[in-house]
Structure formats: structure tokens, C-alpha cells
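Number of protein chains: 2
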Amino acid sequence: MIRKFVFGTPINTDATVLHIPAEDPQDIGEVILSGDGSELSCKLEEQDIVYGLGEQVRGINKRGWSYASNCADDPLHTEGKHSLYGAHNFLIIDGRRCFGLFIDAPGKVCFDIGYTEHEKMLITIPEPDYVLYYIAGASVTEIVREFRKLTGRSYIPPKWAFGFGQSRWSYMNEEEIRELVREYRDNGIPLDSIYLDIDYMDHYKDFTVNEEAFPDFPGFIKEMQNERIHLVPIIDAGVKQEAGYSVYEEGTAENCFCKDSDGKDFVAAVWPGKALFPDVLNPKVRVWFGNHYKELIDAGIEGFWNDMNEPAIFYSEKRLRKVFGQIEAYKGKNLDIKSFFEFKDLVGSLDNNPEDYASFYHDMDGKKVRHDRVHNLFGFNMTRAAGEAFDRLAPGKRILMFSRSSYIGMHRYGGIWTGDNRAWWSHLELSIKQMPSLNMCGFLFCGSDIGGFGDDTTPDLMMRWLEFGIFTPLMRSHSAQGTRLQELTRFGNFTQDYARIVSLRYMLMPYIYSEYMKAALKDAMYIRPLSFEYPRDERARTVEDQLLVGESIMIAPVYQQNALGRYVYLPEKMKLYRFRSECDYDIEVLQAGDHYVKADLCEVLLFVRPDKLVILSRGAKSVSQINTNQLYLMDYSENGAKYDWYDDDGVSKTYALPQNWHTVCLDEKGTVSIGNYEGMVNRI
Amino acid sequence: MIRKFVFGTPINTDATVLHIPAEDPQDIGEVILSGDGSELSCKLEEQDIVYGLGEQVRGINKRGWSYASNCADDPLHTEGKHSLYGAHNFLIIDGRRCFGLFIDAPGKVCFDIGYTEHEKMLITIPEPDYVLYYIAGASVTEIVREFRKLTGRSYIPPKWAFGFGQSRWSYMNEEEIRELVREYRDNGIPLDSIYLDIDYMDHYKDFTVNEEAFPDFPGFIKEMQNERIHLVPIIDAGVKQEAGYSVYEEGTAENCFCKDSDGKDFVAAVWPGKALFPDVLNPKVRVWFGNHYKELIDAGIEGFWNDMNEPAIFYSEKRLRKVFGQIEAYKGKNLDIKSFFEFKDLVGSLDNNPEDYASFYHDMDGKKVRHDRVHNLFGFNMTRAAGEAFDRLAPGKRILMFSRSSYIGMHRYGGIWTGDNRAWWSHLELSIKQMPSLNMCGFLFCGSDIGGFGDDTTPDLMMRWLEFGIFTPLMRSHSAQGTRLQELTRFGNFTQDYARIVSLRYMLMPYIYSEYMKAALKDAMYIRPLSFEYPRDERARTVEDQLLVGESIMIAPVYQQNALGRYVYLPEKMKLYRFRSECDYDIEVLQAGDHYVKADLCEVLLFVRPDKLVILSRGAKSVSQINTNQLYLMDYSENGAKYDWYDDDGVSKTYALPQNWHTVCLDEKGTVSIGNYEGMVNRI
């Protein structure tokens, strides 16, 4: 049951898709409103868990910290931070009572969840023009489903996008990429995509290609497709200011960019230097910007990632002038310690400065809206521009799309990756904890940069991260300029071990794809915390480092350096598969309760729930080569079990076809049958 | 057995105290030397654990990362860092063979421990003038003992320094401190010391006191002593350049400061603005600088902390001029993205710049030595200056001393705190893992800033950190300017819970002090990893989050947000005391093996080993009020047990007095007797 309350004069965010009549603002249950709606508060009882907030720091239970929805290009994701790249204002309070709140507000929102006072949650909306949704339900799962109906079906990528992707900032030219593909193929490492970071462009100009590096881009795309590799280029939010550059010229002529207070185009520096920001909050501009993806689609591209769309700003001319002016003053007066730190802070505050965000404007239905009031909608609408364009340009075809910045609603147009994490064990752990929170908010297609983007990775971290990454829908290794090279062939003896781990992903693909699609089509979650499935199990409620992947699998990733195993809590008896490769594994049945489970560096722990089935392929070196005419079954069933297996062509949008659904039956005698299926299937 | 090898022409670091004849450099066992000694390498086998390196990032087992001994004032202790404040070049490789290495080199040393190649350790000494010690032994414990004999007895603080200390950057004046003491006493929070951070000084001038804030400093010290509170002032490495300031004037006149390449005093900015660095590597200067502590000792001060002694440099005039010059150039040429990042990096690299460290000189035995070649000795020798002075100024009396920067050898003169950590759960975990590594290297008196120094703490983090902190010899809460106030009275309802936790420290004091003193007097470790005690237990070897505290106690701190318990591995059966307060606890006997143990937010888990005894007091509000005539015994013994209890006056250095030692006997019938003791003792 969803109740809707409107405060002030909200800007329509398009986060939701359901029409719900609004009620007069009032205290709801235990949620107490301040007069103008700028504060919502509620008492937290000892047993309450607070779930939600999507992409954020810290644990699955958000209690004990304060968060801010304020999309930020901040590459240092430490526990002390309050914002990352997304703004996902959905949370659930689960204790004696259970309810969800969605604060549909496009500006900054602050969540003090037992930070100032351990027993109190206080949500602050500094600009109280927003819509509040209160969602009641019998369980967390039910509330999530209601919320997802409210906000619309999650984005569905093409099937190949579930394959392993290799990225680097940046692969610089054709030859480098050819060599990479050769190395992966030679070493038997499955691979479906290679990501092109900013250097594939001509001087970081959106929708251009550096012709020196890629003299025949369509030809090269084709060549890679023949190798079953999809090239996935990055698109940045800022459009280079350069006379003669068509996107810039058109955008200026057609009034497509955000304006400064004088009504002139707002200019700020990002990768291409001085750049302008398409006013994607304006539908006309979305059409214009979106149409530009056509140039790359026509060349053969089938997927993109949208970056720098918080939007990130390195500096604005105005602030840079101001800073240089102040530096001049410091120079004269013989710096003392106070002025030295002021000087350092001044320089440090050039990028992503709130002053800049308050100095440009959008045109929303003819109304001038200052950016900071709708800041969190930018990334959403840049990705929406692409998504809407794909529907026009390639109707019926799925195009891969994921974004760095996001707001609830964007989950209908694309996935996300968790941005510029680091090669830290604690970031592997963080990424484990982020996945269910993102799923709750509708972002099903997500993943973190495997191995870590910033800082130098290590062979063992890479291994453990892959062992988790094989379960995330987006499975991509990515790393920053200047860090240790982290392709899977860069770590000597480990190449074959990595190849074996990645192969497990392809073995699991029928199950992963089926479970992803079921979550998307049924407004459910692909990855869940244990507590969502076992809500009355007090122990399960506190587990933050084990996850349910789909209906049949529980995972318990190892995320500690030099660990040779880990503790696992089983809410019910399960069958543990300890995989070293597709063909090399052992099986152990474990009773409900606590276990210390060994896991050597190259071993993946996979738990199958009782009376559940996992459908497998034999594996392959790319998604298109997976043979679904020869399937295998992993099961833990004594009395037979059933599984609804979803599969489709992986490209079109004909999700509703009845032939996409198959019922897998394992009877009491151990005989397997799959309805509506002509291939072979065997238990392993 | 210790073997010594000399490479090149080493500078004498005074790290060691034993005379050992040097052998000709050669490959030793599996350690392979490069020709000039600049590289030491050895193969790491699968089961090898590498212990050591003292104050460093990451785990107890140092495998899987690269480290550099290069004392650094870096307030962001993330996994990606290579250096913290100390340089502790001692490590032990423990596997099929077991040996220790101590690289006694005063400049930078790099340790690639399975980072580049998972199975290889490579130690690089860029300036190969050093002494290498190879220590063989039957066990890790034996190697540590040998190493500690080599490097001399660890520093012993006065007994009151084991009490709880409250710190903040900064308590600004007498009244603020009076109020603090009042609040602690009113709330029954035990307290023995209050730390004075940099603002107690007059314009950050060492050995001065801000007379406006402290109009009668000796009187105020006395007043606090009457309240059983010790004031502990900070001393910084840099001496303010200010005409008329006696320390500056004297130091200049007597040629006591480090020189630049022209032989003029080297000037760089730190807290007081332009400052000079006492050349503490010169014995004459140590006498001069050390004598200045007298002014504060005469005023009644009995303890100090030495800070900024890496030494930290905010900027040098020379580099600042250079940076401003370059900024000028940027201004002219209309910044592009490349020059923008150069500009930002330039400003970011002003502090602690290697160029500055390579631009000043020490006078060592009449020889001009460039600072960077002996960089890691600075903090050591600043603290040594104090320690040597205390022996002259207050012979026979213990003075509290701990330092931020350190080198092996400094452990004879003072303890350390782990510097500017943050209010992160992961830093509570880091501090747990740092303690045994520091103990190995001789730094027994150490602790981390409880609650975290930087960033904002939370009530629950504070609680869990205190629950660990009651076991560290230095137990101090400290936090930075601008962060949330974190005195124990600042968190509403939690004050009484905090008071109960801190009280446990005072209850445990007889044991903690006895175990500390035994470790110091016998070249042993106060805090050890499980693997040191149970070397043949494969599981114990991988445990990094449980520690042995002295001979009788094992601890398993909870360091995860919102956790209500944790897993514990017991290498042998133990008796678990779950303390809520001195009087409120429950007891459970747990068999060897794995356990999930509940621990509510206010509960401390303490495990007593079989046939071991823990001697307790009734607790008190300050160390001097602890009544050792009424003792209690915590034990887990079925057949009786013995314990060597050490106690002394806590002030003098008469450690060898026979009356300091008492044999506590628990016989088979449960009767307790303590030799050479007239008080009462009861089992609890």
C-alpha cells in the first residue's frame, strides 16, 4: 500500500510511473513531519534495521552514519564520506513495524540514521518541494515490490552484456585492443566486451573517434564482432567548446546547453577542457543529445557507458579567476600558516564546487531552474536521453547502457557501475554490501570495477574480486591511468586461475540470466541480503557479507587478504559447491548454523539452497557460444524440485513470449525434464 | 642466533645495543643478496607468513602488498598507502623455515612482500650502506626475543600512564579542562590524564605556555594533580623562528639547527609558521633540546608526547616561491586540462616534499649528512633527546613519553601512538592488527586514538573502540579540530555505558600492568597474534582479529558496525567472560573450535585460557586509587594454576626489587594464596 504526500511545489522528476492520488501532508505512523516538510523523523528501536539508499558507503544496515543524496564525483570512497555518485532516496525501516519511504526530491537530501542520536532517524530536505511516498507492507520484500511497481521496470541489457568485460583508462588504439583479445583468447579467458575509455575520442569530444588510433572504426568494430567482442565506448556529459565541432555548433545554435545567470552558455572545464553541459532536463535537448548516439550505433556499436554526469566539473573560469586573484593577494602578504591552509583549501575546492552548481540553469517547461535544486537529476536524464534515443533509433533492440551518476527512475534506462573505487580489500567488501541496496532501488544491472579502479591491485585481490564478480550482472575489470596494469594476463602464474574463475561465470550464465530477467520482469531483486529471505532468523538479520543470488544460490565471498577460508552462517541446511573450475569441485552438505569453510585463493564457494535448482551451461569463451542445448543441473533436493527457467534471444525485447519460459522438473527419482525444451540436461 | 652483515659504510643508527662481530656479506640461507646489498630477496612458499614492519597498513601477515619505511606525516591511512609515521625494518618469515631480518638502514627501505610476484619477497635499500641482521630461532617467539635483546629493553612509563587519557586538538584553557574533569568525575568515568595539544603553547612555540589561557600553569598543574589528573603537553619538532624567543635564539647562537646546503639554518613552515629543526642526530643538540623539557618538568609536568617529528613540513620558502612562480606562468597561458592538473598537483605537493627533505643537513660527528639519507632517525632522536634528558633531570623517575615518528631503537626511550587515524570501523580493525606488529618491534607502550582522530565518530564506534582500547597499554581518546566532539560525555545516553567500559580497564589494571612489565623486563610481547602461541595450529595461524593479551587473556574485539556478535576461533578450550560492567557479567566455558559469540554493543568479550590466572582490582576512578590490598582472581583452572604477579610503586625504576614479584597460587581445592603479599584475594 502506497501513500503519497506532496510538499511545496515539487519539480516533476519522472522517478515514478504510477499515478497515485496525493493526500494532505500529515504525520504517518511513527514518521513525524516538521511543519513545512523539511524534516521527517522517526524513532529507531533497538532491533530496527534500516535498508536502502542504493549506492552509498558503509553496510547493508545503514544505521550509525549520516548520508547525503548529492551526486558527487569523489574518487575516495571512505567511511567518512556522505555521498557517492548516485541519489537513491529509498529506504525501509524494518523492526517491530516495517515501512518504506521514498523521498522524491531532486536536490540534496540528508539522512541522519542514528548518527547524531543512536535511537533516531532524521531526514532533512533543505528545499522542501518534494513528493513523499510511504510504503506499507507485510515484509521488506513486499515493500520493495511495491516500490518497484511505483518506479517502473528495471533496465534489461542484451545478453552479451552479462559476459566478462575488460576495461582500462584507456586502450589507446586498435593494435592494443587486438593484442588484448589475442592474449585473452590464447589463454582461454572468456571475454565478451572491451571498454573504450576517454582516449578513443578525438580530444575528448563526445561522439567523435580519434582517427589516428582508429583509422577505420566501423571496420574495427566489425573485426571485433567477428571475434565475438563488443566495443563499448564511454560518453561524457560535457561537450567540448570548439568552433567547428558539430555537436558544439549544433548545441549552441539550437540552445541546448545549460545557461549561466546571464543566459549565456555555462562553460566549465572537464576532460576536453572548456565544455558545455547539454540541458538534458529539457525533453527537446534529450532528443537532440540522444540522437548523437546514432553515429556510433551506425558504426556498429551496441553499448555505451555514460560518465562524468554528476556532472563533474574540474573548474569554472569564474572560480579559477577568483582563485588566481586570491593567490595574488597571498603572494603579496608573505603567507602565514593560516593563509597557507586557506590557499591550499582554495585550490582543493576548485573541482565540483557548490558555488559552480549554483551558478547555472536548466530550462524546465520554459522555467529557469537553478542547477543545484535539481542536481541529482542530471545523470538520470543524460542516460534517459540515450535510452529514449535507443527506442527511436533501434526499436526492439537492446543496447547496453550504464551510467556513473543516477537517480531513482534512471533504473528504467540503464544500469550503473559503482564508480571510481580503489584496489582495496575494503572496497571489495563495500561492493558486496552495495549490491543488495542497489537492487532494492531498481538498479539490477550493476557491478563494481573488479580489481579496483584507483591504486595498485594485487594478484590475490584480483582473484577474490573475480570470485565475487562472477555473480554481479555487470562483470567488468577496470583500472585507472597510472595504476598497475590489471588485465588478467598481467599476473604471471595466475592467468590460468583467473581463466578458470571467469569460466565459472559462463557456466552459471543460464541461471544468472534467468534470475536477472525474472527479477526485472517481476519487480524483484536479483541479489538480496539473507534477512530478506529469512526475516525471522535473528542471526540472518545481521549477516552483511553473504548474499542470495537469485532463488537458489547463496554466496559467501572471501574478501580478506591472506584468508584461506571464512565463516558462514546458514539459516537452513545447504549444499556447498567449492569450485576450482567448471570440472574441478567438491561438494559438502552443511547443516543450518555456523561453519568455518575453507576456501583456497582459487576456490569459489557456492551454496545451493534445499529444494532449489541451478541451471548451468558447459561454459564458453563468449556468451554467444554458450550451448543451451546441453544443460546441467546443480541441485540440493531430496524430494524433487522445480525451477522456472527464463531464456530468450538476448537481443530483442519480446520478453513476454511464452517460449521464453521453461519449467525444469527434478522428480523424486532424480529424473530431470524441461518443458518446452529439446536439448539435453544432466545433473552434476 | 644473530648474524650481522655490513654493507657499504653505514651510519651508526644506535638502533642496537649488543656488540656482534660482523661477517662478510653473503647469501644467507634462502636470502639472496644482490652484489652491492641493495636488494635482498627470498622465495615465499605457500604456507609462509611474513610478520613485522611495526606501524604499517594492512594485516598482521604482511604478504600481498608493498611497503616503504619512509616516515611520513600522512593523515589518510588507506590500504593503498606504503608508509605511515614509523620505520620498523624488522620482519620474520615463518613457514617451513623461520627466520628474522632487521635492516638497520636510516634511509628509505622498500619491502615488496608478494606484491609484484605472489611468491617472492624483495627488499630494496636504495642507499646500500647499512647493517643487516639475520636472526635464526626455533620459533617466532624466540626470534622476537633475540631481536629484542639486540635492540634493548622497551620503555617503561609510569603506572598512571596506563590510566585512561582524554585528548582533543585542543582544550583551549584552564576552565575548559576543569569542566571536562568535573564532567568525568560527575559521571563516574575513570580518568588519569588530559592531553594538551598545540594550542596550550604561546603561538606554537615549544616549551612555552599561552599565559592568557593558563595564567598560572604550575598552579593549574598542581590543582589537576590534586584531582589525580596528569596534564600531558605536546612538543613539536619545529622551533619557531622568532626574534627574542629563547629557544630559537639559543639554538641559533649555539648552532643547534639543521642547515641548508649553504650552511645557513634551514627554515620551513609548520604550525608556528617558519620554523627550524633541532639537529637531534647530534648528541650535543640532544642535550640542549632535551634540557628544555626541564621548564615543564619543573612546573610539575610528568609526561609528554612528541609530534610532527617525521619531521612534517608544510612547505619551505624555496618551494613555495617556486610554486608561485609556476602559478604565474599558468596564469598567463590560459590553463588547459593538462596544466590545470599540473597546477593542482604542484600545490598538493607542497607539504612533506622529498625535494625539501633532500635540501637540509645534519652534523653527525662533524660530517655533513643530507637529511633524506637519515630521514627515519629524526623522530627517534627527538624522543631520545627527551629520554636522555629525563635521565639527567629526574634520575630514577619515570616520565611518560610517546612519539608519532619512530625508528627501532626509539622503543627504549618512549612509546608511540599510531598517529592521525580516522573515525572509521576499518581503522579500529587496523589498530587491532597493528598492535602485535608494534610489540614485535619493541614498541610495547602504544595505542591508537580511540574513536578516531579525523572524521566524525559515532556513539557505537566509540563504544567498540573503547572495548578494544581497554587492553592497549596507551588508552587515549583523541580527535581533531573540526570533528564531532568525542569526549565520553558527548553522546547522550551512552555516557554511563562508556563509564562502565573504562572502569573495566581499572579493574584489569593489576593484570595489565603486570603483563606489560613482564614483557618489558623479559624482552617479550604484551600483545601477540594467536599464531605466536599456537604455531602448529593451522587455523590459528590465519586469525588476524583475535589477540593474546599477556599470558592469560585472549580478546576478540567486535569491530564491525551494527554487529551484535562475532565469530571466534579457540585453539584450546577457554572460559568466556562477557562483561557489561565490573559487577555484571556472565561466564561460559567454550570448547576448542569455532564459535559465534554474541556481544551486545556494551559487552566486552574476554577469554581466559585454561590453567591461567588474571589478577584484578575492584576498579577505581584513577590509577592511584586502585586498592591492591583487595584483589580478585579470574581463572579457568581445574587443577590449580600459578601466576607471576609483578607490581611496583609505578614511579621509580627499581624494577629489580624482589618484592615486586609475587607468586599467585590457586590450588586444586580452589584456595588462593599470594606469596609476599598481605592483602585479600578472592576468586570471582
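Protein chains in written order, with the working numbering: chain A, 8 to 691; chain B, 8 to 691.
Positions of the beta carbon are idealized from the N, C-alpha and C atoms, including for glycine.
Just so it is clear, the structure is predicted and the values come from calculations on it, not from any experiment.
How should residue i be labelled, buried or exposed, when 16 other C-beta atoms within 10 angstroms of its C-beta is the threshold for buried?
i: G296(B); result: The sequence shown places Phe at residue 296(B), rather than the Gly named in the question. Buried, since its Cβ has 16 or more Cβ neighbours within 10 Å.
i: T1(A); result: Because chain A spans 8 through 691 in this model, residue 1(A) falls outside it and cannot be assessed.
i: T670(A); result: exposed
i: I228(A); result: buried
i: H125(B); result: buried
i: S323(B); result: buried
i: T425(A); result: buried
i: D674(A); result: exposed
i: V596(B); result: exposed
i: Y513(B); result: buried
i: K676(B); result: exposed
i: A29(B); result: exposed
i: E474(A); result: buried
i: P564(B); result: buried
In three-state terms, what does DSSP make of residue i?
i: G744(B); result: Residue 744(B) falls outside the range modelled here, since chain B spans only 8 to 691, and no answer is possible.
i: R391(A); result: helix
i: G647(A); result: coil
i: G107(B); result: strand
i: A547(B); result: helix
i: D602(A); result: In the sequence as displayed, the identity of residue 602(A) is His instead of Asp. Correct three-state label for H602(A): strand.
i: W432(B); result: helix
i: V354(B); result: helix
i: P28(B); result: coil
i: T19(B); result: What sits at residue 19(B) in the sequence shown is Asn, not Thr. In this structure, N19(B) counts as coil in the three-state DSSP scheme.
Where do the ends of the alpha helix (DSSP H) carrying residue i lie?
i: T670(B); result: First-last for T670(B): 668 to 673, but that is the beta strand (DSSP E), not the alpha helix (DSSP H).
i: W472(B); result: 466 to 476
i: Q503(B); result: 502 to 528
i: D363(A); result: 361 to 364
i: F539(A); result: 537 to 540
Report all residues from its chain with a CB closer than 7 angstroms to the CB of residue i; omit the five preceding and five following residues, and keep chain order.
i: R65(B); result: W72, E86
i: G454(A); result: W424, G476, T479, P480, L481, M482, R483
i: K375(A); result: Y368
i: D298(B); result: The residue you asked about is not Asp; residue 298(B) is Asn in the sequence shown. Closer than 7 angstroms at Cβ, skipping near neighbours: A396.
i: N316(A); result: A244, F385, G386, M389, S410, R411, S412
i: H210(B); result: K247, P279
Beta-carbon within less than 6 angstroms of residue i's beta-carbon, same chain only, minus the 5 sequence neighbours each way: which residues are those?
i: K628(A); result: P197
i: N77(B); result: S90, K115
i: M524(A); result: Y653
i: V151(A); result: M447
i: V630(A); result: K166, W167, G170, D199
Between which two residues does the beta strand (DSSP E) harbouring residue i extend?
i: M128(A); result: 127 to 131
i: G572(B); result: 572 to 577
i: I67(B); result: Careful: I67(B) lies outside any beta strand (DSSP E) and carries neither H nor E.
i: F14(B); result: 9 to 14
i: Y592(B); result: 592 to 597
i: I120(A); result: 116 to 120
i: N316(B); result: From DSSP, N316(B) is part of no beta strand (DSSP E); its letter is neither H nor E.
Leaving out the 5 sequence neighbours to the left and right, which residues in its chain are closer than 8 angstroms to residue i when beta-carbon positions are compared?
i: P517(A); result: I622, L623, S624, I633, T635, L638, W652, D654
i: V658(A); result: P165, K166, K404, R405
Hey, which unbroken runs of the beta strand (DSSP E) at 3 residues or more fall wholly within the segment 142 to 202 of chain A?
At a cut-off of 3 residues, the continuous stretches assigned as beta strand (DSSP E) that sit fully inside the segment 142 to 202 of chain A are 171 to 173.
With a floor of 4 residues, list each alpha helix (DSSP H) that falls wholly inside the segment 232 to 303 of chain A, ordered by position along the chain.
Whole alpha helix (DSSP H) segments, 4+ residues: 253 to 260, 290 to 298.
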